[in-house]
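Student: Have a look at this one.
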Amino acid sequence: METSDGENLGVATSTTSDEFDAVVGYLEDIIMDDDFQLMQRNFLEKHYQEFDDSEENKLIYTDIFNEYISLVEKYIEEKLLDRIHGFDMVAFTVSLQQHKDEMPGDIFDLLLTFTDFLAFKEMFLEYRAEKEGRSLDLSSALVVTSLNH
Numbered sequence: 003m004e005t006s007d008g009e010n011l012g013v014a015t016s017t018t019s020d021e022f023d024a025v026v027g028y029l030e031d032i033i034m035d036d037d038f039q040l041m042q043r044n045f046l047e048k049h050y051q052e053f054d055d056s057e058e059n060k061l062i063y064t065d066i067f068n069e070y071i072s073l074v075e076k077y078i079e080e081k082l083l084d085r086i087h088g089f090d091m092v093a094f095t096v097s098l099q100q101h102k103d104e105m106p107g108d109i110f111d112l113l114l115t116f117t118d119f120l121a122f123k124e125m126f127l128e129y130r131a132e133k134e135g136r137s138l139d140l141s142s143a144l145v146v147t148s149l150n151h
């Protein structure tokens, strides 16, 4: 695998730590980009009303989950291919398993929404709560104490 700058990032599953870090850096840039944020927000906006906080999962959740995976994985893979010639998503996925403890939290959380349905559902429930003004408000737990007596 070679970056657009000519840097070599091997596609083998035994990627080095530096190669893995480079891909994760690109991945971080991609998910923080306004285009990705807008795509994800539009997807959440389109489907958030389908989700409710109950133990039982609706059948429609599976369709929405599969659509999300397809949309986001395709987007990320295309962006990585633009930056890294010969990028192999399958090989990177394997190396993710080997390096999962080294992943930054925000990237790991996003990648978790691809494989963990409960994390995906929670993302929608949090978005819905925010849209409906029910997001967690910790201001009542905040106590200000003067250090001057």
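Under our numbering, the first residue of the sequence shown is numbered 3, with each subsequent residue one higher.
Ideal placement from N, C-alpha and C gives every residue a C-beta, glycine not left out.
Every value quoted in this text rests on a predicted model; they were computed, and no experiment measured them.
(1) So which of S19, G27 and F122 has the shortest CA-CA distance to P106?
(2) Answer with buried or exposed for V92, where buried requires no fewer than 16 other C-beta atoms within 10 angstroms of its C-beta.
(3) In angstroms with no decimal places, state the Cα-to-Cα distance between L82 and D36.
(4) Examine the Cβ distances between the segment 129-138 and the segment 88-102 and report whether three or more of them are shorter than 8 Å.
(5) For I86 and V25, which I take to be in contact (beta-carbon distance under 8 Å), what is that distance rounded to the nearest angstrom?
(6) Would you kindly report the start and end of the unbroken alpha helix (DSSP H) that includes D118?
(7) When the Cα of F122 is compared with those of E30, V96, D54 and T18, which residue comes out closest?
(8) Please work out which residues of its chain come closer than 6 Å, Cβ to Cβ, to E52, disregarding the five sequence neighbours upstream and downstream, and give them in chain order.
(9) Rounded C-beta distance between L73 and F126? I'm assuming under 8 Å.
(10) Could you tell me the alpha carbon to alpha carbon distance between D20 and L98, rounded to whole angstroms?
(11) Round the Cβ separation of L40 and I109 to the nearest angstrom and send it over; I've been treating them as touching at under 8 Å.
(12) From N44 to Y50, what distance separates their C-alpha atoms?
(13) Around the C-beta of L120, are 16 or more other C-beta atoms found within 10 angstroms, so that it is buried, or is it exposed?
(14) What residue does the alpha helix (DSSP H) around S97 start on, and which one ends it?
(15) So R43 is in the alpha helix (DSSP H); what residue range does that whole segment cover?
Tutor: Judging by the given coordinates:
(1) The residue you call residue 106 lines up with position 104 of the sequence shown. Taking only the C-alpha atoms, the option nearest P106 is G27.
(2) Locating residue 92 in the sequence shown gives position 90, where the first residue counts as 1. Flag for V92 reads exposed.
(3) On the sequence shown, residue 82 is found 80 positions in, with the first residue counted as 1. On the sequence shown, residue 36 is found 34 positions in, with the first residue counted as 1. The alpha-carbon atoms of L82 and D36 are separated by roughly 16 Å.
(4) no
(5) For the purposes of this step, residue 86 is taken as residue 84 along the sequence shown, with counting starting at 1. For the purposes of this step, residue 25 is taken as residue 23 along the sequence shown, with counting starting at 1. Contact flag correct, Cβ pair sits at about 7 Å.
(6) As a position in the sequence shown, residue 118 is number 116, starting the count at 1. Here D118 belongs to no alpha helix (DSSP H), and DSSP marks it neither H nor E.
(7) Position 120 of the sequence shown holds residue 122. Taking only the C-alpha atoms, the option nearest F122 is D54.
(8) What you label residue 52 is simply residue 50 of the sequence shown in a count that begins at 1. The residues are I62.
(9) Here residue 73 corresponds to residue number 71 of the sequence shown, with the count starting at 1. Here residue 126 corresponds to residue number 124 of the sequence shown, with the count starting at 1. Actually they are not in contact, since the Cβ atoms of L73 and F126 sit about 14 Å apart, beyond 8 Å.
(10) Taking the sequence shown and counting its residues from 1, the one referred to as residue 20 is at position 18. Taking the sequence shown and counting its residues from 1, the one referred to as residue 98 is at position 96. Cα to Cα, D20 sits roughly 13 Å from L98.
(11) In the sequence shown, counting from the first residue as 1, residue 40 sits at position 38. In the sequence shown, counting from the first residue as 1, residue 109 sits at position 107. With a Cβ gap of about 18 Å, L40 and I109 do not count as contacting.
(12) Counted from its first residue, the sequence shown places residue 44 at position 42. Counted from its first residue, the sequence shown places residue 50 at position 48. Their backbone Cα atoms lie some 10 Å apart in a straight line.
(13) Working through the sequence shown from its first residue, we reach residue 120 at position 118. Flag for L120 reads exposed.
(14) To locate residue 97, count along the sequence shown from 1; it is residue 95. Taken as a continuous stretch (DSSP letters only), the alpha helix (DSSP H) holding S97 covers M91 to H101.
(15) Residue mapping note: residue 43 aligns to position 41 of the sequence shown, counting from 1. Per DSSP, R43 belongs to the alpha helix (DSSP H) from D36 to H49.
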